[in-house]
Amino acid sequence: MTFVFSYNSPVGKWLGFVAAVWVQAISGNNYTFSNYSDALKSLMALTQLQLNNLSVAKDVGKAFGILAGLASDRLSTPVILLIGGIEGFIGYGVQWLVVSGTIKPLPYWVMCIFLCMGGNSTTWMNTAVLVTCIRNFRKNRGPVTGILKGYVGLSTAIFTDICSALFSSDPATFLLILAVVPFTVCLTAIVFLREIPPSSTSAEEKEEVKNFGVINIIAVIIAVYLLVFDISGTHGKVFSQIFAAILLVLIALPLFIPIHLMVKNFIRENSENLDVEGNNNIAEPLLGVDETVREEVEKKEVVVVEENTVPAVVEKRPPVIGEDHTIFEAIRTLDFWILFVSFLCGVGTGLTVMNNLGQMGLALGYVDVSIFVSLTSIWGFFGRIISGSVSEYFIKKAAVPRPIWNAASQILMAVGYICLAMAMPGSLYIGSIVVGICYGVRLAISVPAASELFGLKYYGLIYNVLILNLPLGSFLFSGLLAGLLYDAQATTTADGGNTCVGAHCYRLVFIVMAIACIVGFGLDIWLSIRTKSLYEEPIYDHSAYTECKSVPEEALYNGGIMKDYWTNENQVIRSETNSYNFVLNNLSGDTIYSFSSWVRILDADSAVIKASLKTANGTVKCVGNVIARPGCWSFLKGGFVLDFPSSYALLYLQRSDEEKLNISISSVSLQPFTYQQWKKNQQDTIDKGRKCTAIIHISDVQGERVPGASIIVEQVSRDFPFGSAITKTILGNPAYQTWFKERFNAAVFEDELKWYSTEPQQGEVNYTIPDQMLEFVRKNQIITRGHNIFWEDPRYIPSWVRNLTGPDLKSAVNSRIQSLMNKYKNEFIHWDVDNEMLHYDFYEQRLGTNTSLEFFQTAQLLDPLAKLFVNDYNVVETCYDMNSTVDAYISKLRDLKQGGIIMDGIGLEGHFTVPNPPLIRAVLDKLATLKLPIWLTEVDISKNLDKETQAKYLEMVLREGFSHPGVNGIMLWTGLHSNGCYQMCLTDNNFHNLPAGDIIDNLLKEWQTGVVHGETDEHGSFSFSGFLGEYKINVKFGNRTVNSTFSLYRGDDTRHINIQL
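Position 755 (the sequence shown) corresponds to 755 in this note's numbering; numbering is contiguous.
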């Protein structure tokens, strides 16, 4: 097999990011003006004010970054990079011609133009890489920004140190490198950097975090390496050349990540290919849900909207903070201007120090100021890279608003300016470090904060409007404030220039800038308070209602983003057509939406009301459904997922058969969740419901507590049943048996208990195979479900049974249930008594409407210890199947209860194509109100998807199931036959994991407590939080050792275990 490069693959994604890192590593030329400013000043005979304004012209180039922002929504990343590379080549190339003496000095205004071009070139490079990478890695915006902006900061030191090492800090050579190297690197990045879909699974996110950690380490090594070189004094030519060679190797090191991924994928694909070649005869699924029926159900996306239907909202709703804003919508918000002005206070003052370090150093008596330029650059890098990762960590762990870190940097920067104003010995070293750190924090925090406040759709332009602060701040603080105050203190030199020596030259400048930073601090605190709700994790509301109410309850989440549609909480909207519409604007991508509404109808006894969403690109998504009735209100709950933003969408409720109906709607809610927020809610539920705090108390024989005792705790079994279907191929197959029992604590026989397997011909009952399979699970203490006694689908009823009628059929049915349940009494924990009653009614059609009720009554008498389940499909998988709505399922369960059956559990098969997480959770919420155990009984993902997508969707489903408090067990439908699996296999025929198998192993590891080590505290106690299940414990103190076991049970908040040594 040969490796085929794809931009959408992990290899392509990370190659693009590495190329972006290289672009940023050479794009910090705006911060290197000090390295050649003296040459320009002397060559062109400029005053300090003129030199400062020349620097301002360079920074004014950033003002034209708006062009790059506009282009970012219209042009591809490679085109934007090419424009930036060519512009920088021309801008710095002309400056090199002047400084090198190749051409005569150009007029002052002409030089301003070329410096402006050089400054503007970086806006194209930065926009291309920053916008693209934040969109590609939108779930790790802090680390992405910190790394990219960190390398921008390092680029100054990289250029400075390489020139110093190889060319003795020659300004002309420095400018030549600024012209040629960025252009060359941009050409390289053009090949690899593209915008691709972000990660969508936790495994991908964990891989991203790990890879960002590797790049952070490499970047820190580079920074420390540069710092050591700077503080180690002068170096010989050979040493400098070695330094430069090692530096280039370090810069190339991030390539390790895509190369590692490429090798890993190559090995994996080769092994999978070998398995496929050895298994070419995989047959169609043996038995189960008819795939044609499933596809027809899930492809029903036709929705009729009548021309006379009046939308609920016709005016455009302005976006709220956190949603996608156009630039005009953003600048009309107070939050934008708070961020803009606070950013100005930070970066404007920081740029002033960077642009004037040369003169500041000379004023304080330093001959060589390159060390201060490098210190500012290197410590600016640390500020960027640390703040990016730290702010992301605290957002995810504690919902700390990102702008709060800007506030911290502002107050620290004010302290740095006061230190510089005092001009104590070494203060320029301290001030350079402090300003570098805080300036770096300001950049790394403000950039992702803007994307979080105003969205990613128009982020390129918003970002470039925000960084107008760079030229504006340079003009106000450097051009006017520093330039004028310096010239006021300076004296005229013999050649017509001016100079100032002494601490007084910049003292007033530093004091004014410290005041500006304090103002910025106040603004950042204000912004943190205003945006606190954006960073707080919304708590998912599990509320659900199955009864029809006379008055609707209040809207969940106070209406969420639809709260503005209602003038009061009791408002009712009525439609007399077949559909009622809500016009939604600016729906965010990469977002999960939870929807709910109360519905009432007229003119019908009952009707299924379906909610659907049609996005701007024409995609139709089923949101949810409910059986509505006249005279009372029914609760509809569901949701949808948007992977990409939609500027316009239509959310409509209509009768499922599209007939006209008078529909009333109230208490509508639409609550968005980011993937991180959704997963945090999952984890919080898991911590609360699947884990327990254990406190172990160790005492001696006298009853005295023993501090300092060594504790080792290990979970040996799980309380939560997690299993899979097995088939007869497990018999006599040690590899299959070992693989299965190492992972699962529950099983179900896929076909072997079904009527067509145990009695293929009338009177020929044979339980040999299920007996042998039962022996395997019994031997390994694996609990097992009984599936099934009867199956209503006529396609899977033995042909001889289908030909029976009347008393003969009744006799055969009685014989079946008596034989099966007497044979296996007390062997199975559950029985699926009458499978798929919502879709089929073979027995009730032939034996009467109470037949299924009689099945349950008989089963209850024959095996009173087993729990009896109803089991069906498309209840949780989709909302297109009107036969198996959650309300229809609840109605069937209530009918059985009214017939005298004590129902023990709810079975949801879970044969998914594309899972809808908020719909899954909403269905589980409704079913959980019945207070019955819920099991996902036959989970798999359609075979029509590739293996990686199967694994991705499987993880979604399993996380929803395990995290829901109403779910008591999960079974996979992944029994391995000699010719494959029903829909999805976990392994190949040699029991090497496929992607879905890797997901299972990762989740099992995540959902089990590992080995816990520790010592008892001064009170002789040791505590930990562990998953429910059985544990073994080893206690050592001195020469005494005790081994014991204990269990953590569901329902215990805290379990106390007393052990005596």
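Ideal Cβ placement from N, Cα and C applies to all residues, glycine included.
What you are looking at is a predicted structure, and each value in this text was computed from that prediction instead of being measured.
In this structure, the beta-carbon distance from Ala19 to Thr173 does not fall below 8 Å.
The straight-line gap separating the alpha-carbon atoms of Ile177 and Thr184 is approximately 10 Å.
Cβ contact annotation for Glu827 (same chain, cutoff 7 Å, sequence separation greater than five): Leu774, in chain order.
Short of 6 Å from the beta carbon of Trp22, and not among the five residues preceding or following it, lie these beta carbons of its own chain, in chain order: Val185.
For Tyr824, the closest alpha carbon among the candidates Leu865, Pro182, Arg530 is that of Leu865. With fewer than 16 other CB atoms across the displayed protein chains lying within 10 angstroms of its CB, Ile529 is exposed. Measuring C-alpha to C-alpha distances from Asp687 to each of Glu1006, Leu261, Thr160, Pro794 identifies Glu1006 as the nearest. Going by beta carbons, Leu461 and Asp73 fall inside the 8 Å limit.
CA-to-CA, the gap between Ala363 and Pro471 works out to about 25 Å. Just measuring C-alpha positions, the residue of Ile817, Asp771, Asp841, Leu1061 sitting nearest Arg795 is Asp841. For the pair Val11 and Glu205, the Cα-to-Cα distance works out to about 15 Å. In this structure, Asn140 lies away from Glu195, with their beta-carbon atoms at least 8 Å apart. Leu661 and Ala604 do touch by the CB rule: their CB atoms are close to 6 Å apart, below 8 Å. Along the length of the segment 725-749, whole alpha helix (DSSP H) runs at least 4 residues long occupy 734-741, reported in chain order. With respect to the C-alpha of Phe510, the residue from Ser446, Ile418, Ile395 having the closest C-alpha is Ile418.
According to the DSSP assignment, Glu960 belongs to the alpha helix (DSSP H) that extends over 947-963. In the three-state DSSP reduction, Asn617 falls in the coil class, being neither helix nor strand. One Cα belongs to Leu958, the other to Ile970, and the distance between them is close to 8 Å. With 16 or more other Cβ atoms from the protein chains shown falling within 10 Å of its own Cβ, Lys728 counts as buried. Counting only the Cα atoms, Ala888 lies some 28 Å from Thr974. Taking 8 Å as the cut-off, the Cβ atoms of Ser594 and Glu323 do not count as close. Secondary structure at His260: helix, using DSSP grouped into helix, strand and coil.
By the CB criterion at 8 Å, Ser664 and Arg600 fall inside the cutoff. The alpha-carbon of Cys622 is positioned some 12 Å away from that of Val914.
Selection Leu954, Leu49, Met956 evaluated against Thr499 yields Leu49 as nearest (Cα-Cα). Residue state for Glu854 is assigned as helix, using DSSP reduced to three classes.
Taking C-beta atoms under 8 Å as the contact rule, Thr1009 and Thr693 fail to qualify, at a distance of about 12 Å.
Runs of the alpha helix (DSSP H) lying entirely within the segment 166-244 and spanning at least 4 residues, in chain order: 171-192, 202-231.
In the DSSP secondary-structure assignment, His977 is bridged to Gly980. At a Cβ-Cβ threshold of 8 Å, Ile783 and Ile829 count as neighbours. Only residues of its own chain outside the window of five on either side were considered, and among them Ser724, Val939 have a CB closer than 6 Å to the CB of Leu972, listed in chain order. For Gly786 and Val748, the gap between their C-alpha atoms comes out near 7 Å.
Per DSSP, the continuous beta strand (DSSP E) segment holding Ser669 begins and ends at 662-674.
Apart from the 5 residues on each side of it in sequence, Tyr736 sits with its Cβ closer than 6 Å to the Cβ of Ile730 in its chain, given in chain order.
The Cβ-Cβ distance between Arg384 and Ser409 does not fall below 8 Å.
Leaving aside the five residues that flank Ser478 on each side, the residues in its chain whose CB is nearer than 7 Å to its CB run, in chain order, Asn52, Ser55, Val56, Leu351, Thr352, Asn355, Asn356.
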